[in-house]
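In our numbering, the protein residues as written are 89 to 408.
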């Protein structure tokens with residue numbers, strides 16, 4: 089571990105000697121970027137440090153302490169040690185993912201979001217853009233940041249609602265949308281108001297297809313069984329659904345970071361006006377037809393994430 093950290097520190101010094109100064113937090117991120125999975129706990133703990141304490145020195149101390157603990161546990165359990173941190177990996181995709189995740193931790197000086205640089209900042213380009221509607225040709229979407237396609241739209245055109253704000257809410261057990269025009273496969277509900285036991289009227293449910301710009305790339309997200317609540321002030325994405333699907337969620341520097349079960353960065357959501365908010369294009373297929381391409385495991389994953397209906401906290405949501 090000392091050799092691993094030393095090589096990173098030396099590389100930073102060499103770059104500094106050539107006139108390229110590497111920020112200290114970038115050095116700390118690099119120390120955490122290529123560790124084996126047995127170090128996941130200490131990596132997550134380091135990400136939760138505030139700006140003042142997230143330094144290369146503190147990360148180095150934590151890694152050395154964790155390394156010593158791992159060695160002690162391996163000796164006591166008589167298990168073989170982890171392979172060298174700088175050994176050549178045969179899994180090329182893991183190396184690519186590691187490099188990609190490191191690049192995605194760069195901080196934008198325009199909006200302050202980790203994951204892209206200023207010239208690729210989608211929010212600065214759309215800061216003064218009001219929600220609009222347009223028509224587009226169909227394309228293939230990715231699921232959860234992975235490269236296998238999740239949905240191939242079969243219609244000739246779809247309607248695209250631009251720059252719609254969504255709040256990623258840790259208290260919400262369901263997804264909520266207040267605009268009927270954003271739904272696909274909409275179904276009316278006639279008795280939901282009495283079940284809510286309050287002033288929040290649920291007039292239906294359906295699917296909402298989101299296209300979110302994050303980390304200079306498009307992230308597609310299909311929300312199932314979204315509740316239509318026209319009295320809601322904000323559109324809500326339930327963070328609990330991600331948790332049920334075994335996604336990793338943690339907060340650092342006023343940003344919510346969501347990773348897939350495979351530990352791949354899925355979405356970064358910044359704080360805006362005390363809420364974790366993201367803006368998305370909402371895709372609505374005109375003829376309502378779509379063909380989904382997915383294996384059995386992925387279908388079950390989407391069902392666990394979006395397949396249940398619960399009206400328990402509707403009254404509280406209407407007051408937010």
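Ideal Cβ positions, reconstructed from N, Cα and C, are used throughout, including at glycine.
- Quick one: is residue 106 buried, meaning 16 or more other Cβ sit within 10 Å of its Cβ, or exposed? The sequence position of residue 106 within the chain shown is 18, counting from 1. Answer is exposed; the Cβ neighbour count stays below 16.
- Message: Can you tell me whether residue 126 is buried or exposed? The criterion is at least 16 other CB atoms within 10 Å of its CB, across all chains shown.
- Response: By 1-based counting over the chain shown, the position of residue 126 is 38. So residue 126 ends up on the exposed side.
- Task: Tell me, please, which residues DSSP counts as bridged to residue 359.
- Result: Within the chain shown, numbered from 1, the residue matching residue 359 stands at position 271. Residue 359 is bridged to 364.
- Item | Rounded C-alpha distance that separates residue 98 from residue 307 | Stepping through the chain shown from its first residue, residue 98 is reached at position 10. Stepping through the chain shown from its first residue, residue 307 is reached at position 219. Computed Cα separation, rounded: 36 Å.
- Given a cut-off of 8 Å, decide if residue 254 and residue 366 are closer than it, judged by their beta-carbon atoms. In the chain shown, counting from the first residue as 1, residue 366 sits at position 278. In the chain shown, counting from the first residue as 1, residue 254 sits at position 166. Yes, the Cβ-Cβ distance between residue 366 and residue 254 is below 8 Å.
- For the beta strand (DSSP E) holding residue 336, just list the boundary residues, first then last. By one-based count along the chain shown, residue 336 stands at place 248. 336 to 340 is the extent of the beta strand (DSSP E) around residue 336.
- Item | Contacts around residue 276, its chain only, beta-carbon distance under 8 Å, and the 5 residues preceding and following it disregarded | On the chain shown, residue 276 is found 188 positions in, with the first residue counted as 1. Excluding residues within five positions, the ones whose Cβ falls inside 8 Å are 291, 292.
- Query: Where residue 333 and residue 156 are concerned, what is the direct C-alpha to C-alpha distance, given to the nearest angstrom?
  - Reply: Residue numbering aside, residue 333 sits at position 245 when the chain shown is read from its first letter. Residue numbering aside, residue 156 sits at position 68 when the chain shown is read from its first letter. Going by the C-alpha atoms only, they are around 33 Å apart.
- In whole angstroms, what separates the C-alpha of residue 298 from that of residue 143? Taking the chain shown and counting its residues from 1, one reaches residue 298 at position 210. Taking the chain shown and counting its residues from 1, one reaches residue 143 at position 55. Roughly 36 Å between the two C-alpha positions.
- Message: Measuring only the C-alpha atoms, how far is residue 139 from residue 113?
- Response: As a first step, residue 139 must be located in the chain shown, where it is residue number 51. As a first step, residue 113 must be located in the chain shown, where it is residue number 25. The alpha-carbon atoms of residue 139 and residue 113 are separated by roughly 8 Å.
- Report the residue ranges of all beta strand (DSSP E) runs contained in full by the stretch 93 to 143; include only those spanning at least 3 residues, in chain order. none
- Could you round the C-beta distance between residue 258 and residue 370 to whole angstroms and report it? I think they count as a contact, below 8 Å. Working through the chain shown from its first residue, we reach residue 258 at position 170. Working through the chain shown from its first residue, we reach residue 370 at position 282. Not quite, the Cβ-Cβ distance comes to about 22 Å (not below 8 Å), so this is no contact.
- Task: Kindly give me the distance between the Cβ atoms of residue 315 and residue 296, rounded to whole angstroms, as I take these residues to be in contact under 8 Å.
- Result: As a position in the chain shown, residue 315 is number 227, starting the count at 1. As a position in the chain shown, residue 296 is number 208, starting the count at 1. Actually they are not in contact, since the Cβ atoms of residue 315 and residue 296 sit about 10 Å apart, beyond 8 Å.
- Message: Suppose you measure from the CA of residue 353 to the CA of residue 274; what does that come to, to the nearest Å?
- Response: On the chain shown, residue 353 is found 265 positions in, with the first residue counted as 1. On the chain shown, residue 274 is found 186 positions in, with the first residue counted as 1. Taking C-alpha positions only, residue 353 is separated from residue 274 by approximately 31 Å.
- Task: Answer yes or no: does any C-beta atom of chain C fall closer than 8 Å to that of residue 292?
- Result: In the displayed structure, chain C is absent; only one protein chain is listed.
- Task: Tell me whether residue 104 is buried or exposed, calling it buried when 16 or more other Cβ atoms sit within 10 Å of its Cβ.
- Result: As a first step, residue 104 is located in the chain shown; it is residue number 16 there, counting from the start. Looking at its Cβ environment, which holds fewer than 16 other Cβ atoms inside 10 Å, residue 104 is exposed.
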